[in-house]
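The UniProt record's numbering applies: residue 1 is where the sequence shown begins, and numbers increase by one.
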Amino acid sequence: MKFSIQTKILVLSLSSTLIGTLSLGILSTLFISKTTQRNSMQYMRDQANSEAAKLNNLFESHEKYTMAAAAGVFSQIKDDSTFLTNPNNLSRNINGIRERLKSTISSLSNTKSVFVRFNPDITHSSEGVYLVRNPSNGMFENHATTNIKQYSPSDVEHVGWYYKPIMTGNPIWLPPYYNKNINAYIISYVIPMFLDNKEIGVAGIDIDFDGMTKQLSQVHFMQSGFAFLEDSEGFVLYHPTLPNGLTFKPEEDQIMLSTPLINGMNLVTVAPILEINAQRNRHIRQSIIFILLLLAFTTAITIFFSRSITKPLKELTKEAKKMITGDMNAEFNIKQNDEIGELAKSFAAAKFHIIQHMKQMQGLAFQDSLTGVRNKMAYDSYLSELKDRIERGEVKSYGIAVLDTNNLKEINDTYSHENGNAYLVNSCKLICQIFTHSPVFRIGGDEFLVVLTGRDLENHSELMTQLKESMDLTKNASFPWKQISIACGLGIASYAKGTTIEETFNKADKNMYINKREIKIAEHRPLSRDEETHEEKHAESDTEKDDA
């Protein structure tokens, strides 16, 4: 077939326009896609690094403060050979250390407590300084020091802060733990002190872990991303929704970045891929529109100048326009040829770094793995210790509060056991918020117990009222597992030696079931078979007492 020069010019013009437009479209789309995606990821990395820097600055400031405190103490001991052995000098020096710490500790944020403790084999087992921040006024106040000899070196909640750095011989960050001495969830930085290879003691500082993670919970990446903390093995230490001790696996539509912190933890940030690629997708759409307009303009110009060409050339132009339209739809589907491959590689890389198998949660022997409070084993140990203290006359009176969550079975059956666990955690948090000065135990699936002494015992009526008011505030919560309902019974031993702990517990347990019946009646719900059995048991016990 012979082609005229005019036809060849028209074909050449349209072909050049098509090739040039497609080349420009492909190159610009690739450039914009890679650049904007890289910028979005870099923005997320920068934001993660910024938050990690804040945490590292917090840890570093506490490290420097502890080093300075330890250096001061060590210098005094080195200059004065009787620092620890002369009782008069020791008392005076401890007072000096206490005042020095009080005057300087206020410059730090999120600090829960600071301490300097000495080798119990050289001094008394309780000698040292222990300053704890008063949450009401923010001031650091003297706190009773722990008798180190009273606990086994393996008792992490009480004396792990002393023995771990001593055994390692180096300054260490302790992982988050619940300190039973001050009833707080903390992380500690401790420096062991040695003189001529002889153990002198430790200097350390505690950071309020709950306060620190509360600030972290306010940080958002992109629009709906979040951050959490995990240890070096990938176990969750703090997460907005997951319990501690689990491992986090991102969804298919999420990207996860991990940034190491100087205390051995990792700051993990998670954001949806859709939000990360939002800017890229917007730029690609703008680029496609621009290229379509450019192609339409150049095609129109070509057609305009080809109006004088014969009819076969006009038909060729029409077919060329169809081809251009079809090719544009195929060629601009560039994301399927390049970006989906990149996303597939990113997804494979992300999956490569995900831990495939969950490890069993390793909790402490006396800590309930779900709620973080003390468990039944801890309660039995505490009762043994309480009996000894009562016999020695150290405890004159005490109280026992038995608390049983309502509606747990309904939540488990209706909303899943996961939300049932969330209900138990929320109930436990409320109990701990009310009884802040008393030990809280989880002694059964839905049963908690609080031993009241001191201030909480004196204010037990007000605390019970606060508990009811706090539960009432949750009635309108958006989810049933946030609507807390707890039956509570109280037993008071005004004269500790005049009654047994079992009798006090039974009184509290009986009052709890009375309260549970009142709640069930108010809600027009019957008691369960187990609840009726417990009531009958208490009724028989009362009858036997009356007959006696």
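Built from N, CA and C at the ideal position, the CB exists for glycine as well. Model, not experiment: these values are computed from the prediction.
query	result
Segment limits, alpha helix (DSSP H) that includes D210	F209 to S217
Secondary structure, beta strand (DSSP E): runs of 3+ residues fully inside the UniProt domain "GGDEF" (396-531)	398-405, 440-442, 447-452 and 486-493
Rounded C-alpha distance that separates S494 from S106	40 Å
M377 (DSSP reduced to helix, strand or coil)	helix
Any 3 or more C-beta pairs closer than 8 Å across the stretch 70-80 and the stretch 212-219	no
The stretch 242-252 / the stretch 99-114 touching (three or more Cβ pairs under 8 Å)	no
CB of V268 within 7 Å of CB of F235, strictly	no
Residues that A203 bridges to, as DSSP identifies them	V116 and I191
Bounding residues of the beta strand (DSSP E) (the contiguous stretch that carries T269)	N266 to P272
E251 - containing alpha helix (DSSP H), residue span	No alpha helix (DSSP H) holds E251; DSSP gives it neither H nor E.
Simplified DSSP state of Q223, which is helix, strand or coil	coil
Cβ-heavy atom distance, I301 to the ligand ATP, below 6 Å	Looking for the ligand ATP in the displayed structure turns up nothing, as the structure carries no ligands at all.
Among V395, A508, M464 and V450, the one whose alpha carbon lies nearest that of K497	V395
DSSP state of S258 mapped onto helix, strand, coil	strand
Coarse secondary structure for I186, derived from DSSP in three states	strand
Nearest candidate by alpha-carbon position, reference K78, set K112, L195 and N137	L195
Close beta carbons around L131, own chain, < 8 Å, minus the five adjacent residues each side	R98, L101, K102, I105, S113, V114, F115, F140, E141, N142 and H143
Status (buried if at least 16 other CB within 10 Å, exposed otherwise) for M358	Confidence is the limiting factor: at M358 the pLDDT is only 46, short of 50, which leaves the residue's position unreliable, though a coordinate-based value still follows. Exposed is the call here.
7 Å Cβ shell around T474 - same chain, five flanking residues per side excluded	K482, Q483 and I484
L467 burial status per 10 Å Cβ neighbour count (16 or more: buried)	buried
Three-state class that DSSP yields for T111 in the structure shown	strand
Reference E418, options P243, G454, S61 and D388, closest by Cα	P243
Pick from N476, Y162, T371 and G393 that is closest to S427, judged by C-alpha positions	T371
Top-ranked residue by Cα proximity to N277, from T17, S40 and S16	S40
Chain C within 7 Å of L242, Cβ atoms only	Chain labels in this structure do not include chain C; a single protein chain is all it has.
Proximity winner among L261, P240 and A271, relative to E251 (alpha-carbon distances)	A271
Check whether residue 560 and G420 have beta carbons under 7 Å apart	The question about residue 560 has no answer, for the chain in this structure spans 1 to 548.
H437, buried or exposed, once every other Cβ within 10 Å from all chains shown has been counted against 16	exposed
Nearest-angstrom Cβ-Cβ length linking Q47 and F221, presumed shorter than 8 Å	6 Å
Run of the beta strand (DSSP E) containing residue 592, from where it starts to where it stops	One cannot answer for residue 592 here, as it falls past the ends of the chain, which runs 1 to 548.
T145 and G128 closer than 7 Å at C-beta	yes
Euclidean distance between Cα positions of F448 and P87	45 Å
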